[in-house]
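Sequential numbering from 153 applies to the sequence shown in my numbering.
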Amino acid sequence: MALLEVKGLQKDFGGATAVAGVDLALEAGEFVGLIGPNGSGKTTLFNLLSGVMKPTKGEIHFDGQRIDGWPPDRIFHAGLVRTFQVPRLFRNMTTLENMLLPPEGQLGESPWHALWPKRWRAQELQLAEKARAVLETFKLDHAALQGTTELSGGQMKLLEAARSLMGKAKLLLFDEPAAGVAPALARRVFDQLRRMQRETGMTLLVIEHRLDVLFEYVDYVIVMDRGRIIARGKPAEVARDPRVIEAYFGGTSVGEAG
Ligand SMILES: Nc1ncnc2c1ncn2[C@@H]1O[C@H](COP(=O)(O)OP(=O)(O)OP(=O)(O)O)[C@@H](O)[C@H]1O
Ligand SMILES: [Mg+2]
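Following this line, the structure appears as structure tokens:
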């Protein structure tokens, strides 16, 4: 069975349908891009998968269990981890402290004691070591002891991505990891994601508008438009798919308008 299997997933907001009957299966170890024009339902799909929103109808199966209706922290602990389009950081804490907590909205209780140095045991020290290593890769190690309010927008995005690599995720959902990040750093983020994915065998589903960067890394791409999946394939195939070109640009090719 696939790691993630979604059947007939739908989300209505009043009269508007943001996700309109999505069927989707992801196998373990895949690196998948999720693209589509603004407002096509990508973030809403993430909200449904991570339990932040309840579906109007449909089913979500993850790692052999049916998880729709579960609270976000239970889904997080089952190994489904997501990041937010606008980073959600704990603003009165340091970069390092943020690394030691799961994302807001997926918070359980247990990690809090990691913030109390006196109670740190070997495991927590290992976590702190891992946090430092990940921060170094993301070039955030110099900011480890700074408050997050001192970080730039791009650095916050990097921290959000770095933090999601701390847990034991089986499936990571990234909402625009490269948005607002300088091109060289964006590739660094994706390099790091790919490295972590190869080391751990985790599955990645990444929303990204920077198609030039995304297409270098993913195994294949899923395209949404108006709440539906309209195409799925290798980046090069998808980029010349008339339905995708129409959805994005109403005519010009993906390359020209990118
Ligand atoms: N909480 C909400 N209440 C009402 N409508 C919403 C809500 N969240 C999203 N929508 C609507 O659902 C549709 C899909 O939005 P969503 O944020 O999922 O798009 P997206 O593909 O992530 O877009 P973008 O690329 O701009 O981030 C939009 O029409 C949006 O206005
Ligand atoms: Mg979005």
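A virtual CB, placed ideally from N, CA and C, is assigned to each residue, including glycine.
All values reported here derive from a predicted model rather than from experimental measurement.
Inter-residue CB distance, residue i and residue j (contact presumed, cutoff 8 Å)
i	j	result
valine 370	alanine 383	The Cβ separation is near 14 Å, so there is no contact.
asparagine 250	leucine 311	6 Å
leucine 303	alanine 295	6 Å
Which listed residue (the options) has its alpha carbon closest to that of residue i
i	options	result
arginine 218	Leu310, Met308 and Lys159	Lys159
leucine 297	Leu345, Ser316 and Leu252	Leu252
leucine 279	Lys291, Phe290, Thr301 and Leu248	Leu248
arginine 234	Asp327, Phe290 and Arg340	Asp327
asparagine 430	Ala388, Gly379 and Arg392	Residue 430 cannot be examined here, being either before or after the span of the chain that is shown, 153 to 410.
aspartate 175	Arg240, Gln162 and Gly167	Gln162
aspartate 364	Ile187, Lys282, Gly166 and Leu200	Ile187
Closer than 7 Å: residue i CB and nearest ligand 2 heavy atom
i	result
isoleucine 212	no
isoleucine 381	no
threonine 195	yes
isoleucine 359	yes
aspartate 327	yes
Rounded C-alpha distance that separates residue i from residue j
i	j	result
aspartate 164	aspartate 220	15 Å
tyrosine 372	glutamate 182	9 Å
glutamine 307	isoleucine 381	32 Å
glycine 353	leucine 325	15 Å
lysine 309	arginine 362	14 Å
lysine 322	arginine 350	12 Å
glutamine 344	leucine 317	9 Å
histidine 213	valine 184	18 Å
lysine 194	proline 394	20 Å
threonine 300	alanine 334	19 Å
arginine 346	arginine 226	26 Å
Cβ-based neighbour list, residue i, same chain, cut-off 8 Å, excluding 5 preceding and 5 following
i	result
aspartate 293	Arg284 and Leu287
alanine 177	Ala154, Leu156, Glu157 and Val158
glycine 305	Gly332
Proximal residues to residue i (C-beta, below 7 Å), its chain only, five neighbours per side dropped
i	result
glycine 149	Summary: the structure shown does not reach residue 149, with the chain confined to residues 153 through 410, and so no result is reported for it.
Residue i: CB within 7 Å of a non-hydrogen atom of ligand 1
i	result
glycine 188	yes
glycine 191	yes
alanine 170	yes
Same chain, Cβ closer than 6 Å to residue i, neighbours up to 5 away in sequence not counted
i	result
threonine 289	Gln344
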